[in-house]
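Here the structure comes first, spelled out in structure tokens, and everything after it is commentary.
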Amino acid sequence: MATAPAQTKTLSGEPGGLSTLVRAALPVVPGVNRLPGVRKGPARDFTGLAYSRERVVAERPRVDAYAAVCGFPLKDVLPLTFPHMLAFPLHMAIMSDPAFPFPAIGMVHVENTITAHRALGVGEALDLTTEVGAPRPHTKGVLLDFVTTVSADGETAWESTSTYLRRGRLVEGEPAPGLAIVDPPTGGVEWRLPANLGRTYAGISGDANPIHLYPLTAKALGFPRQIAHGMWTKARSIAAIENRLPAALTVEVAFKKPVFLPGTVAFAVRQDDAGWTFALTSPKDGSPHLLGRTRSA
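At position 192 of the sequence shown the residue is numbered 180 (my numbering), and the sequence of numbers has no breaks.
Below, the structure written as structure tokens:
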């Protein structure tokens, strides 16, 4: 869990858009990244930061559009992964804050855990808080855990931890083992993913990272062509078994190899004693794009 920051900042209005992307990009622009308000402080001095949003409502048109692109059925309750979209502006606000020691560009989402305590209704007013503590060690850099809590009527209804890897700038300590899935399922049904999937999902989620949009923008950041959002791969996997899952549950995933667009992936699932184990893999060689498991909360 993240260490509780001394202060929680409130994000008001409708966040996101071009201004958010600009703020996220400025810390990697030579010269500009030295300006006050843009310059990042040393990682060793960072102890934590939190942002919140109050009375956030998931409107029916956006929920239905999200369900359509991720494969969920249309219901009067939110898809399990939908609250992550409501929390994503908080993630970006933290990464864009001068107090956060790392640029948003280059942060790699490596793991995500969601715990739902009950279903959330479409149109229900929600209070969200995302906090992150000091970085923890990883063999390739540092890990930062963005812990989100979603409350309704004063009670916690949904929680998640998004773990991001930042390469370089090592901190002292012994790295903790990540999520390990023993003997994941293989093969399964194949899904063909279109070239515009990243743009479609970005339009709904607000996550318009250039690596997901076009070959040219992805190449500028070191990818041969655009890649699917990690949280889309989690959402699509959960949607495939949604009718077998309880309302209160935990779903953990590890994001492995990127999914290039257009492309084809294979989804396989297996029921275990504790829940379901699933995998999204390459049909060519079986290498994993995503490994996950569920259990009752």
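C-beta atoms are modelled at their ideal positions from N, C-alpha and C, and glycine is treated no differently.
- 7 Å or more divides the Cβ of Gly274 from the Cβ of Thr117.
- In the three-state DSSP reduction, Asp52 falls in the helix class (H, G or I).
- Listed in chain order, the alpha helix (DSSP H) runs fully inside the segment 121 to 209 are 185 to 193, 203 to 207, counting runs of at least 4 residues.
- For His72, the three-state secondary structure derived from DSSP is helix.
- Ala145 sits close to His105, with the two beta carbons spaced by under 7 Å.
- Judged by DSSP in its simplified three-state form, Lys244 adopts coil rather than helix or strand.
- Close CB contacts of Asp115 within its chain, under the 6 Å cut and outside five residues either way in sequence, are with Glu42, Ser139 (chain order).
- When the five nearest sequence neighbours on each side are left out, the beta carbons in the same chain lying within less than 8 Å of the beta carbon of Thr(-4) are those of Ala38, Tyr39, Ser40, Thr117, Glu119, in order along the chain.
- Separation of the CB atoms of Gly194 and Phe60 is rounded to 18 Å, and the pair is thereby denied contact status at 8 Å.
- Here Ile102 carries a strand assignment [DSSP, helix/strand/coil].
- For Val51, same chain residues with a beta-carbon under 8 Å away, outside a window of 5 residues either side, are Leu66, Pro67, Phe70, Val110 in chain order.
- One thing to note: Thr205 has its Cβ no nearer than 7 Å to the Cβ of Leu278.
- Note on geometry: alpha-carbon atoms of Lys128 and Asp64 lie some 43 Å from one another.
- In this model, Ala55 and Ala208 are separated by some 31 Å (Cα to Cα).
- Here Pro250 has Leu181, Pro182, Ala183 as same chain residues with Cβ atoms under 7 Å from its own Cβ, once five neighbours each way along the sequence are excluded.
- The beta carbon of Val241 is closer than 6 Å to those of Asn100, Lys222, Leu278, Gly280 in its chain, skipping five residues each way along the sequence.
- Exclusion of the five residues before and after Pro49 leaves no residue of its chain whose Cβ lies closer than 6 Å to its Cβ.
- Each of Val177, Leu131, His79 was checked against the Cα of Gly156, and the nearest Cα belongs to Leu131.
- Look at Pro91 here: in three-state DSSP terms it is coil, with no helix or strand label.
- Residues Thr205, Ala206, Ala208, Leu209 of the same chain have their beta carbon placed closer than 7 Å to that of Pro198, with the five preceding and five following residues left out of the count.
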